[in-house]
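Remarks on the structure that follows.
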Amino acid sequence: MPITFDNSYARLPERFFALTPPTPVKAPRLVKLNRPLAAELGLDADWLESPEGVAMLAGNAIAAGSTPISTAYAGHQFGNFVPQLGDGRAILLGEVLDRAGSRRDIQLKGAGRTRYSRGGDGRAALGPVMREYLVSEAMAALGIPTTRSLAFVLTGEHVLRDEPLPGAILTRVAASHIRIGTFQFFATRQDAEALRQLADHAIARHYPAAAEAANPHLALFEAVIAAQAELVVRWLLVGFIHGVMNTDNMSIAGETIDYGPCAFLDAYDPATVFSSIDAGGRYAYGNQPSIALWNLTRLAEAMLPLLGADTDAAVEAAQSALAAFAPRYRAAYDAGIARKLGLAVVEEADVTLGVEFLELLGRHGSDFTLTFRQLSRLHAGQADTAPLRTALGDDPTLDDWLERWRARSAGTAPGAMLAVNPAYIPRNHRIEAAIVAAQERDDFAPFEELHAVLANPFEERPEFAAYENPPEPHERVRATFCGT
Ligand code: AMP
Ligand code: MG
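Using the numbering used here, the first residue of the sequence shown is number 112, and each one after it goes up by one.
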């Protein structure tokens, strides 16, 4: 049974998008279909695997009811405003209502040139597509708001990057693809009418409660601030580094979106950067909260005409809304670290315990994920202190810290820490190995195994034990590259 599409974004005024049929590819081959996600979306997985379905996933056929569009947006890239970006290699096929009644975008990434491609080829290489598939699905399994990956196909064509690489198309699923940059697109054109329509669309779609507020557009802005603060905290708590937090890569719905040179921390160091294009460290792990606030301030500027009766009132409303970010972020972060340490409530002394533990990790270059997991095993009575001691370089202050931690965490259920500190994260060297096997030998077995490991990040399986480990020095990946 083919997909029943709806297209609410395509019913917005024409200046929101360009009608863009995908460009067909030579020899599509379906490599991966996400059957559980298909079921969640109410889609027929057998149809998606059929020649007709694969033709749709490759952009070789337009399914009935689909109105393919590429959307317009602007954005600050590394701090510099670009008034016109837009979907340069992504094409929105349409929306579906999932089993829970939520509207979800179905988008092809890498489906050919669009009005917004500028110099680009509109295509995606296999490596970045595999990275996005693995990391976005891992994030979902970790319970972090994210776009999802429904499928990917090989195109049978090559894309030219530094060298010719196999081309691929990812089918991405999102609550929507409205970005901070979408608001900036209309703001910079002083198109107040479009801004209002965009805001109303976002409210109806993502924050219906805002419609009941005295100032619905201000309530929308406040809801986006809350969602972004929560999201960044979730990233920090698992060691995720987005890598390109440009305003065009920040979703209004509060999902993690646009996986490019993203990566997870191995050794704990807030200054960690993987992205090859982030020489200044603007988007380093520890900078993500302040960048989120910077981006939200740009959203405030774009939404200003909507936020108050006159400019003064709007600025004041925006400022007081933005002032809520830091305390909200701080409270969520402290509570999250306390949960990771097995502490039921957060007191001042608990915040200190967290800070000290992270200092220990930083001092010894200990692995963020593995060390929290080792502490969780200790708490659950599954291990003694030996592995933790080794991980923390036999630090002389550890015993004192453990004593205070034990006193505070004793009342917490034994399994509680194991349920919040993952054993498995998508480590860079594993992703890289999966990509190399696929690219060089057409071998997708490492991809499939890694995907299986990441599907249950909190459940240890003896046969997957090696996946817990950080890279050996020779396996370490120092830089990740953009999907472009
Ligand atoms: P990103 O940083 O990957 O989110 O991309 C920033 C901008 O570049 C967006 O407008 C993308 O649509 C565009 N872009 C990225 N890769 C390509 C490509 N291969 N062809 C055309 N446009 C691209
Ligand atoms: Mg982007």
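Positions of the beta carbon are idealized from the N, C-alpha and C atoms, including for glycine.
| Query | Result |
| --- | --- |
| Contact under 7 Å by Cβ, residue 249 with residue 537 | yes |
| Nearest neighbour of residue 523, chosen from 540, 451, 333, 316 [CA to CA] | 451 |
| Three-state secondary structure (DSSP) of residue 326 | coil |
| Of the residues 209, 282, 490, 256, the one placed nearest residue 266, counting alpha carbons only | 282 |
| At least 3 beta-carbon pairs within less than 8 Å: the region 297–312 vs the region 403–421 | yes |
| Cβ pair residue 557, residue 548 closer than 7 Å | yes |
| Residue 180 - DSSP class collapsed to helix/strand/coil | strand |
| Same chain, Cβ closer than 8 Å to residue 269, five either side skipped, listed in chain order | 275, 276, 277, 278 |
| Short Cβ contact (7 Å threshold) for residue 381 with residue 440 | no |
| For the ligand MG, residues whose Cβ lies under 5 Å from any non-hydrogen atom | 360, 369 |
| For residue 531, the three-state DSSP class (helix, strand or coil) | coil |
| Residue 129 - containing beta strand (DSSP E), residue span | 128–130 |
| Check: residue 228 C-beta below 6 Å from any heavy atom of the ligand AMP | yes |
| CA-to-CA distance, residue 328 to residue 309, given in whole angstroms | 10 Å |
| Runs of alpha helix (DSSP H) lying entirely within the region 302–356, each at least 4 residues, in chain order | 303–317, 327–349 |
| Nearest-angstrom beta carbon gap, residue 539 and residue 588 [assumed within contact, 8 Å] | 4 Å |
| Contact check, residue 130 vs residue 180, beta carbons under 7 Å | yes |
| DSSP state of residue 388 mapped onto helix, strand, coil | coil |
| N-terminal and C-terminal residue of the alpha helix (DSSP H) that residue 436 is part of | 436–451 |
| Residue interval of the beta strand (DSSP E) (run including residue 192) | 191–193 |
| Residue 359 and residue 409 closer than 7 Å at C-beta | no |
| Helix, strand or coil at residue 230 according to DSSP, with G and I counted as helix | coil |
| Sufficient close CB pairs (3 or more, under 8 Å) joining the region 374–394 to the region 313–320 | no |
| Contact the region 572–591 vs the region 384–394: 3+ CB pairs below 8 Å | yes |
| Contact test: residue 384 Cβ vs the ligand AMP heavy atom, cutoff 6 Å | no |
| Through-space distance from residue 370 to residue 280, alpha-carbon basis | 14 Å |
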